[in-house]
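In the numbering used here, the protein residues as written are 372 to 690.
Set out below in structure tokens:
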């Protein structure tokens, strides 16, 4: 006896639909060009494989049971998925990747990336996109360790951190950081630049490094300082808006909240940091990026896109 997977072929589903449409095995057999006994036998094989009754044969007509109706409702979706997979396979054979995984540093604005994704999807490519939310060295290592094909944004020295076989990089631009606290935070009312000694007595909000292994990376933390660690820069922003601590934020990310009076910028005795952001990608063994990766690299290389990625943070409606 065939299994359910063996029994539910495209031809079998078309045959069941023909019986349901015609209302009898004899009429369906004539439409399909087969003898009624052969058609009846094949339907019984499917019913045995599924262990259900698909047609009620108690009357002269073949009435579809509830189980049969459910199967026929699902049939167009199943057949459509088979066609979609076949089309995807054919296009992948022309140089399109089956999936492109993109690691996004949390310092990068998400809206421009989604706009790029909309442009990528417009011609209906066969490549599925997967976006990863990463921070600090995790953005770099997502590519160097093979978890992602492309990384957008990494606040590290590319000459040191992208030194892996088959990995290439290029700079996106500089991202300036500013020290911010909520208006009710004690540091909001102090005078003069904030010294390390003063900052050490107040909690810092830090973004966790999303690296999957090895030693992570920390930025602008002082020895002996209380630290609240959060998973992303967006979570760091929210924590600072709630007055849970202070810390450096990307200037474009903090700007709407500063303008709305929900964050106060405070000068620090140490220079405000700037991060050199990079994009990195992994080239396959044959040495040529696939068509999907090429598409993204060409768009990211455009000056307007680079500016949007670094300066495209927008208020999320909570300002």
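Just so you know, even glycine gets a beta-carbon here, dropped at the ideal spot from N, CA and C.
Assigned exposure category for residue i - 16 Cβ within 10 Å defines buried
i, result
"residue 419", "exposed"
"residue 492", "exposed"
"residue 531", "Because the pLDDT at residue 531 is just 49, under 50, the model does not fix this residue reliably, and the value given afterwards should be weighed accordingly. Burial call: exposed."
"residue 382", "exposed"
"residue 505", "buried"
"residue 497", "buried"
"residue 651", "buried"
"residue 550", "buried"
"residue 529", "Bear in mind that the predicted position of residue 529 carries a pLDDT of just 42, short of 50, making it unreliable; the figure below should be weighed with that in mind. Result: buried."
"residue 469", "exposed"
Which listed residue (the options) has its alpha carbon closest to that of residue i
i, options, result
"residue 675", "574, 624, 483 and 436", "483"
"residue 542", "390, 414, 407 and 668", "668"
"residue 683", "380, 438, 594 and 478", "478"
"residue 436", "394, 524 and 680", "394"
"residue 634", "554, 485, 438 and 409", "554"
"residue 601", "577, 612 and 406", "577"
"residue 438", "456, 417, 448 and 430", "417"
"residue 603", "510, 453 and 631", "510"
"residue 569", "593, 581, 546 and 579", "593"
"residue 666", "430, 404 and 473", "473"
"residue 423", "374, 392 and 664", "374"
"residue 643", "516, 605, 566 and 574", "566"
"residue 443", "392, 404 and 501", "392"
"residue 572", "441, 595, 559 and 517", "595"
"residue 605", "501, 481 and 645", "481"
Assumed close pair residue i, residue j - CB separation to whole angstroms, cut-off 8 Å
i, j, result
"residue 384", "residue 450", "6 Å"
"residue 485", "residue 548", "Actually they are not in contact, since the Cβ atoms of residue 485 and residue 548 sit about 24 Å apart, beyond 8 Å."
"residue 580", "residue 508", "5 Å"
"residue 386", "residue 410", "7 Å"
"residue 552", "residue 574", "Wrong, their Cβ atoms sit about 10 Å apart, outside the cutoff."
"residue 679", "residue 564", "At roughly 32 Å, the Cβ-Cβ gap does not stay under 8 Å, so residue 679 and residue 564 are not in contact."
"residue 516", "residue 647", "No, residue 516 and residue 647 are not in contact; Cβ-Cβ is about 21 Å, not under 8 Å."
"residue 471", "residue 500", "6 Å"
Strand pairing of residue i, partner residues [DSSP]
i, result
"residue 618", "551"
"residue 539", "652"
"residue 607", "In DSSP, residue 607 forms no bridge with anything."
"residue 508", "None; residue 508 has no bridge partner."
"residue 545", "647"
"residue 501", "472"
"residue 600", "577"
"residue 639", "565"
Proximal residues to residue i (C-beta, below 7 Å), its chain only, five neighbours per side dropped
i, result
"residue 390", "396, 399, 414, 426 and 433"
"residue 556", "614 and 617"
"residue 446", "384 and 388"
"residue 406", "400"
Same chain, Cβ closer than 6 Å to residue i, five either side skipped, listed in chain order
i, result
"residue 670", "487 and 676"
"residue 380", "none"
"residue 453", "none"
"residue 525", "476, 510, 511 and 649"
"residue 559", "552 and 635"
"residue 638", "564"
Cutoff 8 Å; reference residue i; Cβ partners in own chain excluding five residues on either side
i, result
"residue 490", "670"
"residue 608", "620, 624, 625 and 628"
"residue 654", "537, 538, 539 and 660"
"residue 467", "496, 497, 498, 661, 662 and 663"
"residue 622", "546, 547, 548 and 549"
"residue 632", "554"
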